[in-house]
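Chains as they are written, first to last, in this note's numbering: chain A, 1 to 237; chain B, 238 to 353.
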Ligand SMILES: Nc1nc2c(ncn2[C@@H]2O[C@H](COP(=O)(O)OP(=O)(O)O)[C@@H](O)[C@H]2O)c(=O)[nH]1
Ligand SMILES: [Mg+2]
Ligand SMILES: [Zn+2]
């Protein structure tokens with residue numbers, strides 16, 4: 001172990017420096033570099049967050065199947081160890097690069113920026129970043145995205161917004177996933193929506209099922225609208 | 238969760254800011270908002286763990302101050318200290334998400350041993 005604190009007390013006189021150094025400054029700086037790099041391309045960037053297993057990869061596969069003729073999509077997927085998600089996403093016809101996070105609990109902007117060096121994003125309409133399954137840490141790391149989309153599945157309980165407020169505070173869209181299972185689990189879409197809106201009144205909510213297709217049209221419309229807005233803003237700029 | 242990488246981040250930020258004085262660092266003061274989910278005790282253990290790898294900082298101690306969450310009401314302008322993550326104005330009961338305090342993750346003060 002390290003020395004007890006009493007032994008670490010400063011000896012002699014001490015000089016104090018007051019600072020306002022932000023611990024996430026380095027990450028925010030890199031997030032800006034990502035925005036600058038992607039700006040000329042008008043690509044909508046979405047940071048997809050959730051607990052492990054809430055259905056992020058399945059949603060991306062299904063979105064790929066539905067929209068691959070209308071939108072050009074790419075995915076950067078953060079996976080602590082394996083390349084399984086990347087393989088699943090490629091099988092759905094979407095170009096995908098795995099970001100190896102080496103056991104990290106979140107993706108940092110630096111990893112995305114490095115990922116862009118190895119990924120052909122030219123001509124993309126949407127770039128999804130599938131974050132590491134975790135509702136705590138990813139909330140603090142800006143990845144240069146336009147919007148943060150958070151999934152909460154019907155099987156994980158409707159208390160998540162109250163437990164992980166920052167994630168819902170910093171998201172623009174909450175997808176209640178696995179809606180096909182709602183009849184079998186004690187989960188109230190109304191209650192979870194209310195809790196989430198107590199934290200973030202501007203949050204949009206869509207209940208979806210990648211399995212039976214419920215809500216998928218609404219999600220696809222949301223996506224197409226955001227892509228259109230992004231392109232319009234690009235033309236006006 | 239990522240306390241260890243944050244502590245490393247603290248040292249690299251300071252190494253960048255005070256390259257000549259790092260062997261004199263004795264105290265690091267952090268101010269973190271409640272929304273960061275950073276727990277002072279966990280930060281302390283992470284700090285101790287990092288020192289095992291970085292014995293040159295053995296004489297340095299960490300001090301963490303936690304700030305509560307505050308929001309400013311878009312309707313009436315009142316400031317409310319958020320209790321139990323209820324983001325509602327205490328004055329007029331309007332829900333709001335305009336956080337004015339609680340997301341901080343700042344190094345507010347650094348103490349250096351004075352050798353003069
Ligand atoms: N019933 C049901 N299961 C789903 C749905 N979406 C995903 N799953 C299942 O949930 C598990 C985890 O999904 P995955 O997409 O890998 O989650 P991720 O960890 O968030 O990427 C898999 O077994 C999926 O088949 C859905 O809409 N309904
Ligand atoms: Mg996945
Ligand atoms: Zn008010």
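A virtual CB, placed ideally from N, CA and C, is assigned to each residue, including glycine.
Minimum Cβ-Cβ distance from residue i to chain B less than 9 Å
{"i": "residue 199 of chain A", "result": "yes"}
{"i": "residue 202 of chain A", "result": "yes"}
{"i": "residue 111 of chain A", "result": "no"}
{"i": "residue 140 of chain A", "result": "yes"}
{"i": "residue 16 of chain A", "result": "yes"}
{"i": "residue 2 of chain A", "result": "At residue 2 of chain A the pLDDT is 45, less than 50, meaning the model places this residue with poor confidence; the figure from the coordinates comes in the next sentence. True, the Cβ-Cβ gap to chain B drops below 9 Å."}
{"i": "residue 13 of chain A", "result": "yes"}
{"i": "residue 137 of chain A", "result": "yes"}
{"i": "residue 162 of chain A", "result": "yes"}
Length of the line joining the Cα atoms of residue i and residue j
{"i": "residue 214 of chain A", "j": "residue 176 of chain A", "result": "11 Å"}
{"i": "residue 224 of chain A", "j": "residue 185 of chain A", "result": "31 Å"}
{"i": "residue 244 of chain A", "j": "residue 258 of chain B", "result": "With chain A running from 1 to 237 in the structure shown, residue 244 of chain A is simply not present."}
{"i": "residue 140 of chain A", "j": "residue 273 of chain B", "result": "7 Å"}
{"i": "residue 21 of chain A", "j": "residue 339 of chain B", "result": "16 Å"}
{"i": "residue 287 of chain B", "j": "residue 251 of chain B", "result": "15 Å"}
{"i": "residue 104 of chain A", "j": "residue 152 of chain A", "result": "21 Å"}
{"i": "residue 121 of chain A", "j": "residue 216 of chain A", "result": "25 Å"}
{"i": "residue 26 of chain A", "j": "residue 243 of chain B", "result": "11 Å"}
{"i": "residue 173 of chain A", "j": "residue 31 of chain A", "result": "20 Å"}
{"i": "residue 351 of chain B", "j": "residue 314 of chain B", "result": "46 Å"}
{"i": "residue 349 of chain B", "j": "residue 260 of chain B", "result": "9 Å"}
{"i": "residue 127 of chain A", "j": "residue 228 of chain A", "result": "14 Å"}
{"i": "residue 47 of chain A", "j": "residue 92 of chain A", "result": "19 Å"}
{"i": "residue 181 of chain A", "j": "residue 169 of chain A", "result": "26 Å"}
{"i": "residue 15 of chain A", "j": "residue 317 of chain B", "result": "36 Å"}
{"i": "residue 131 of chain A", "j": "residue 266 of chain B", "result": "31 Å"}
{"i": "residue 34 of chain A", "j": "residue 107 of chain A", "result": "14 Å"}
{"i": "residue 146 of chain A", "j": "residue 63 of chain A", "result": "18 Å"}
{"i": "residue 263 of chain B", "j": "residue 198 of chain A", "result": "43 Å"}
{"i": "residue 161 of chain A", "j": "residue 13 of chain A", "result": "48 Å"}
{"i": "residue 343 of chain B", "j": "residue 117 of chain A", "result": "31 Å"}
{"i": "residue 159 of chain A", "j": "residue 133 of chain A", "result": "17 Å"}
{"i": "residue 325 of chain B", "j": "residue 289 of chain B", "result": "44 Å"}
{"i": "residue 41 of chain A", "j": "residue 211 of chain A", "result": "33 Å"}
{"i": "residue 232 of chain A", "j": "residue 296 of chain B", "result": "56 Å"}
{"i": "residue 24 of chain A", "j": "residue 143 of chain A", "result": "12 Å"}
{"i": "residue 195 of chain A", "j": "residue 255 of chain B", "result": "44 Å"}
{"i": "residue 320 of chain B", "j": "residue 306 of chain B", "result": "8 Å"}
{"i": "residue 114 of chain A", "j": "residue 328 of chain B", "result": "47 Å"}
{"i": "residue 283 of chain B", "j": "residue 102 of chain A", "result": "18 Å"}
{"i": "residue 60 of chain A", "j": "residue 89 of chain A", "result": "7 Å"}
{"i": "residue 247 of chain B", "j": "residue 221 of chain A", "result": "43 Å"}
{"i": "residue 137 of chain A", "j": "residue 154 of chain A", "result": "22 Å"}
{"i": "residue 336 of chain B", "j": "residue 309 of chain B", "result": "7 Å"}
{"i": "residue 100 of chain A", "j": "residue 83 of chain A", "result": "8 Å"}
{"i": "residue 98 of chain A", "j": "residue 245 of chain B", "result": "25 Å"}
Neighbour flag for residue i against chain A, beta carbons, 9 Å
{"i": "residue 302 of chain B", "result": "no"}
{"i": "residue 307 of chain B", "result": "no"}
{"i": "residue 256 of chain B", "result": "no"}
{"i": "residue 259 of chain B", "result": "no"}
{"i": "residue 316 of chain B", "result": "no"}
{"i": "residue 279 of chain B", "result": "no"}
{"i": "residue 325 of chain B", "result": "yes"}
{"i": "residue 247 of chain B", "result": "yes"}
{"i": "residue 348 of chain B", "result": "yes"}
{"i": "residue 337 of chain B", "result": "no"}
{"i": "residue 293 of chain B", "result": "no"}
{"i": "residue 252 of chain B", "result": "no"}
{"i": "residue 340 of chain B", "result": "yes"}
{"i": "residue 276 of chain B", "result": "no"}
{"i": "residue 334 of chain B", "result": "yes"}
Point to revise | Interface positions of the region 166-184 of chain A facing chain B (Cβ-Cβ less than 7 Å), listed along the chain | key: Flagged, chain order: 166 and 169.
Exercise for review: Residues of the region 19-47 of chain A with a CB closer than 9 Å to any CB of chain B: list them in chain order, please.
Suggested key: 19, 20, 21, 22, 23, 24, 25, 26 and 27
Check your understanding: Which full runs of the beta strand (DSSP E) of 3+ residues lie inside the region 40-125 of chain A, going along the chain?
Key -> 44-49, 73-79 and 95-100
Exercise for review: Select from the region 77-90 of chain A all residues with a C-beta closer than 8 Å to any C-beta belonging to chain B, and list them in chain order.
Suggested key: none
Check your understanding: What residues sit near ligand 2, counting only those whose C-beta is closer than 5 Å to one of its heavy atoms, in chain order?
Key -> A:56, A:57 and A:85
Point to revise | Unbroken stretches of the beta strand (DSSP E), 3 residues or longer, contained in the region 137-210 of chain A | key: 147-153, 173-177 and 204-207
Review point. What beta strand (DSSP E) runs, 3 residues minimum, are completely inside the region 269-344 of chain B?
Key: 298-304, 307-309, 316-318 and 336-338
Exercise for review: With 8 Å as the C-beta to C-beta threshold (strictly closer), list the residues of the region 97-108 of chain A near chain B in chain order.
Suggested key: 104, 105 and 106
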